[in-house]
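Line by line, the protein sequences are chains Y and C. First residue of the first sequence: -19, per the numbering used here; consecutive thereafter. First residue of the second sequence: -19, per the numbering used here; consecutive thereafter. Contents: one structure, followed by commentary.
Protein chains: 2
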Amino acid sequence: MKELEERIITDGEVLSGNILKVGSFLNQKIDCHLLKKMAKETLKFFPKEKITMVLTIEASGIAFATALAYEYDVELVFAKKTTSSNVNGNLVSASVESYTHGKTYNITVPADYFTKDDVVLIADDFLAKGNALKGLIEIVERLGATIAGCVVQIEKVYQNGGNKLRQKGYKVIALAGIKSMENGKIEFV
Amino acid sequence: MKELEERIITDGEVLSGNILKVGSFLNQKIDCHLLKKMAKETLKFFPKEKITMVLTIEASGIAFATALAYEYDVELVFAKKTTSSNVNGNLVSASVESYTHGKTYNITVPADYFTKDDVVLIADDFLAKGNALKGLIEIVERLGATIAGCVVQIEKVYQNGGNKLRQKGYKVIALAGIKSMENGKIEFV
């Protein structure tokens, strides 16, 4: 998506440790015009009539998932990274290794938030090694619902997580795909 | 807001420890029709032309704030509860005591996400003792921006946080105000 790529070039920052910072327009301060366009762009890849639910992971996936839920006119669920005192009932969980934060955590959703008839669009802000998406896929499969596919705002293609998921047969769409960030210079696929 | 009150009665659960669980439609699984209506209802209390920014706190405030940013056609910022490795620059912080989780944490936003000309609508899912809103207010005041007011989806009026803020002169709007939850029975203002 051209406009997203241009914005990454203008306002993204490449930090040490191979980290792309897009907090100023995409994941902590959020430009809602761009967000809306990204949600509408996603409609081109996943037909509106099939999707019944959007699933993401807290916290930085929630804004994009909310925009998708607005455009698809469906419900949204986010997986939690910590178990809150005010959750009861059956939780379905998966283990996720975080590239950015250097730790492994459990993500959970209450089982009764889904039915086996749900067709789930999985959404997240970043795709690098693919661990968050793998965890979300695992959860949907355990719940017995159908996965329509995954959409991410930015894929770091060179970290190969997206391609591994595609090889397993999952449809994975990135609105911007980064080929390399060597010496702070961002190149897109 | 009648529809929200009815939904709280139908799908909310009163748990021990004076906790109202609305995860199944409002803050983990989110009904986007209701969310959209809540954002549109907010327009009645805060004029669209004045607001330049929506501010909330991760994670359960983000969906509502995104819907507000959609309706107000402005940018959205959320305060983080943990300092991530990929944030640099000047952070403005405030200390927040969590009623639900029984601990105190720092919330932060990068100072350069705001200008002194911003007129900020502060949004959150719940208002009980008012600690999260107080923290967000403190941040906006430190940044020198203007506070339009605060909007929450649900206020537990009997915990008095909202009234303390109103007495200090802040405009605080709750889309549903709970007067009591004694013996699991929810009564609205």
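Backbone N, C-alpha and C fix where the C-beta goes; we use that ideal spot for every residue, glycine too.
Here the stretch 43 to 55 of chain C lies against the stretch -2 to 13 of chain Y, with 3 or more beta-carbon pairs under 8 Å apart. Neighbours of I(-12)/C in chain Y, taken as residues whose beta carbon is under 8 Å from its own, are absent, since the nearest beta carbon is some 14 Å off.
Nearest in C-alpha terms to T95/Y, of all of G124/Y, G110/Y and A74/Y, is G124/Y. Of all residues in the stretch 79 to 90 of chain Y, those with a C-beta nearer than 9 Å to a C-beta of chain C are T80, H81, G82, V89 and P90, reading in chain order. L(-5)/Y and K136/Y have their C-alpha atoms roughly 14 Å apart.
Against F25/C, chain Y offers no close residue; the least beta-carbon distance is about 20 Å (beta-carbon pairs closer than 8 Å).
The DSSP-derived three-state label of E118/Y is helix.
Per the coordinates, the alpha-carbon of G141/C lies some 10 Å from the alpha-carbon of V152/C.
Not a single C-beta of chain C is nearer than 9 Å to the C-beta of E135/Y.
Within chain Y, Q8 and A39 have C-beta atoms less than 8 Å from the C-beta of K60/C, given in sequence order. Taking every protein chain shown into account, the CB of D105/Y has 16 or more other CB atoms within 10 angstroms, so this residue is buried.
Of the candidates K60/Y, R(-13)/Y, K24/Y and S75/Y, the residue whose Cα lies closest to the Cα of E51/Y is K24/Y. Non-local C-beta neighbours of A156/C in its own chain, meaning closer than 8 Å and more than five positions away in sequence, comprise M(-19), L(-16), E(-15), I(-12), Q133, I134, E135 and F168, ordered along the chain. Proximity to M33/Y across K148/Y, I127/Y, S73/Y and G69/Y peaks at I127/Y, based on C-alpha coordinates. N86/Y is bridged by DSSP to S75/Y.
Non-local beta-carbon contacts of G115/C in its own chain, meaning distances under 6 Å to residues more than five positions away in sequence, involve A74, V76 and I87 in chain order. In this structure, the alpha-carbon of L15/C lies about 12 Å from that of I42/C. Within the same chain, V34, T36, L56, F58 and A103 come within 7 Å of A45/Y by CB-CB distance, once the 5 residues on both sides are set aside.
Closest in alpha carbon position to K61/Y, among A47/Y, Y85/Y, E29/Y and N(-2)/Y, is Y85/Y. Residue burial annotation: G129/Y is buried, with at least 16 other C-beta atoms found within 10 angstroms of its C-beta. Here the alpha carbons of G164/C and G69/Y stand approximately 18 Å from one another.
If you draw a straight line from the Cα of K20/C to the Cα of L48/C, it comes to about 8 Å. Distances from the CA of P27/Y to each of V131/Y, D(-9)/Y and I158/Y were compared; the closest alpha carbon is that of V131/Y. Secondary structure of I158/Y (DSSP, three-state): strand. Nearest in C-alpha terms to V89/Y, of all of I119/Y, N111/Y and L0/Y, is I119/Y. Within the stretch -18 to 29 of chain Y, the runs of alpha helix (DSSP H) at least 4 residues long that lie entirely inside it are, in chain order, -18 to -9 and 12 to 22. DSSP, read as helix, strand or coil, puts E38/C in coil.
Its chain contains F5 as the residues whose beta carbon lies nearer than 6 Å to that of D11/Y, once the 5 sequence neighbours on both sides are disregarded; these appear in chain order. Counting only residues of its own chain and dropping the five nearest sequence neighbours on each side, N111/C has a CB closer than 8 Å to the CB of V76, E77, S78, Y79 and G141. Beta-bridge partners assigned by DSSP to T126/C: V99/C.
Just measuring C-alpha positions, the residue of N143/Y, R146/Y and K109/Y sitting nearest N(-2)/Y is K109/Y. The contact set of L56/C on chain Y, defined by CB atoms closer than 8 Å, consists of K9, I10, C12 and A43 in chain order. Measuring C-alpha to C-alpha distances from I31/C to each of K17/C, K1/C, L101/C and D(-9)/C identifies L101/C as the nearest. Contact with chain C is found for D53/Y, since one of that chain's Cβ atoms lies less than 9 Å from the residue's Cβ. Neighbours of A47/Y across chain C, judged by C-beta separation under 7 Å: T46.
Among the residues facing chain Y, K16/C is included, as its CB has a counterpart in that chain under 9 Å away.
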